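A short write-up of the structure that comes next.
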Amino acid sequence: DDDDDDDDDNRQQHLLRLLNSLLHNANGLGASTLKDVRRRCKEGKESIERYSPAHFSGAFDDDDDDDEAVASRLAPKLVKLQHAKDFVWEELHTGDWKDAEDKWREGEGLVIFAYCRMCVRYTRARVKSDEVGAKYVERVLKRVIKELDVGTLLAGDVGGGKTLAKVAEEVSERLKEVRKMMDANVGEGDKRVLNWRFECEDVENASEEDVEDDGKKRKREASEEEEEEEEEEHQHHRLDLDLDSLSVLVDALRDAKVAVVAASGGNM
Numbered sequence: 001d002d003d004d005d006d007d008d009d010n011r012q013q014h015l016l017r018l019l020n021s022l023l024h025n026a027n028g029l030g031a032s033t034l035k036d037v038r039r040r041c042k043e044g045k046e047s048i049e050r051y052s053p054a055h056f057s058g059a060f061d062d063d064d065d066d067d068e069a070v071a072s073r074l075a076p077k078l079v080k081l082q083h084a085k086d087f088v089w090e091e092l093h094t095g096d097w098k099d100a101e102d103k104w105r106e107g108e109g110l111v112i113f114a115y116c117r118m119c120v121r122y123t124r125a126r127v128k129s130d131e132v133g134a135k136y137v138e139r140v141l142k143r144v145i146k147e148l149d150v151g152t153l154l155a156g157d158v159g160g161g162k163t164l165a166k167v168a169e170e171v172s173e174r175l176k177e178v179r180k181m182m183d184a185n186v187g188e189g190d191k192r193v194l195n196w197r198f199e200c201e202d203v204e205n206a207s208e209e210d211v212e213d214d215g216k217k218r219k220r221e222a223s224e225e226e227e228e229e230e231e232e233e234h235q236h237h238r239l240d241l242d243l244d245s246l247s248v249l250v251d252a253l254r255d256a257k258v259a260v261v262a263a264s265g266g267n268m
């Protein structure tokens, strides 16, 4: 059991190193790159915040860039960035594509980078609290790559598409490492079973009871793996529900404020 705990700790630390390498890498989703993108896409940032100051103001600030930040503190900003991402998408797809204003291409480049960075920060916080494992990280990185690929096309050169493309390459490398780690873990499990089978002094003279015990061991390990997979799927579903709830709350607060302003004749 102690060995299993050590293996779990090693896997957790490996995942944290992978995620940190993305968040502290100038070619990845580093804070310094976010500042560069924010400066380059200044008009896009201002256009988004001007549309709804109460909703989007501060969405692209990284003043809470803390390696120790817990997931619950990061979730509201993740929801805010999701809304900003949806808003820019609608602006880019209003009217003819070729007539889209540069400010919205800038907005796309900024919001995609900020959103992907926050997704990785949120995931790192959950890994650190031992809520999720490699499979969850794999799903998040796949989603981040997809967002970056789409953002590269929509932002173009004006919105820093080349930067997004480079970041996608960095994330892809980390995804490969996560998958290698997952494959290695499977291999170690098979190896443990094989080692047990050959612990008998004379394998050829192994009893039916030995074979039966071996079969039970295999089934038990397979069952434990299935339970771990189901738990991670449940956690992923719970994340979606949490984000949906936060999103509904943000919308409700915004609508309530609009109603109050309207009732007061706009004097607020």
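So the sequence shown is residues 1 to 268, counted in the numbering used here. We put the CB at the ideal spot given by N, CA and C, even for glycine. These numbers come from a predicted model, not from an experiment.
Of the residues the options, the one placed nearest residue i, counting alpha carbons only
| i | options | result |
| --- | --- | --- |
| Glu90 | Phe113, Ala59 and Ile48 | Ile48 |
| His83 | Thr152, His55, Arg179 and Val140 | His55 |
| His24 | Lys142, Glu224, Tyr122 and Arg117 | Arg117 |
| Leu81 | Glu138, Leu110 and Ala100 | Leu110 |
| Lys176 | Thr152, Arg50, Ala134 and Lys166 | Ala134 |
| Thr163 | Ala71, Leu18, Ala59 and Leu148 | Leu148 |
| Lys98 | Ala165, Val171, Leu154 and Ala114 | Leu154 |
| Asp61 | Arg105, Arg39, Leu22 and Leu92 | Arg39 |
| Glu106 | Val88, Thr123 and Glu170 | Val88 |
| Val171 | Leu141, Thr152, Met182 and Glu224 | Leu141 |
| Val79 | Ile112, Gly95 and Asp102 | Ile112 |
Residue environment, residue i, which counts as buried when at least 16 other CB atoms sit within 10 Å
| i | result |
| --- | --- |
| Glu227 | exposed |
| Glu108 | buried |
| Ala184 | exposed |
| Arg121 | buried |
| Ala31 | exposed |
| Cys200 | Legend: pLDDT at Cys200 = 36, less than 50; position of this residue unreliable, no value from coordinates given. |
| Arg174 | buried |
| Glu204 | For Glu204, the pLDDT reaches just 45, beneath the cut-off of 50, and the residue's location in the model is therefore unreliable, although a value from the coordinates is still provided. Flag for Glu204 reads exposed. |
| Val144 | buried |
| Val70 | exposed |
| Arg179 | exposed |
| Gly95 | exposed |
| Arg73 | exposed |
| Lys42 | exposed |
Limits of the unbroken alpha helix (DSSP H) element including residue i
| i | result |
| --- | --- |
| Ser47 | Lys42 to Tyr51 |
| Lys77 | Ala71 to Leu92 |
| Lys103 | Asp102 to Lys128 |
| Val98 | Rather than Val, the amino acid found at residue 98 in this sequence is Lys. Note, Lys98: premise wrong, no alpha helix (DSSP H); not H, not E. |
| Gly272 | Any answer about residue 272 is impossible in this case: the structure gives the chain only from 1 up to 268. |
Would you say the region 151-165 touches the region 129-143, given that touching needs at least three Cβ pairs under 8 Å? No, the region 151-165 is not in contact with the region 129-143.
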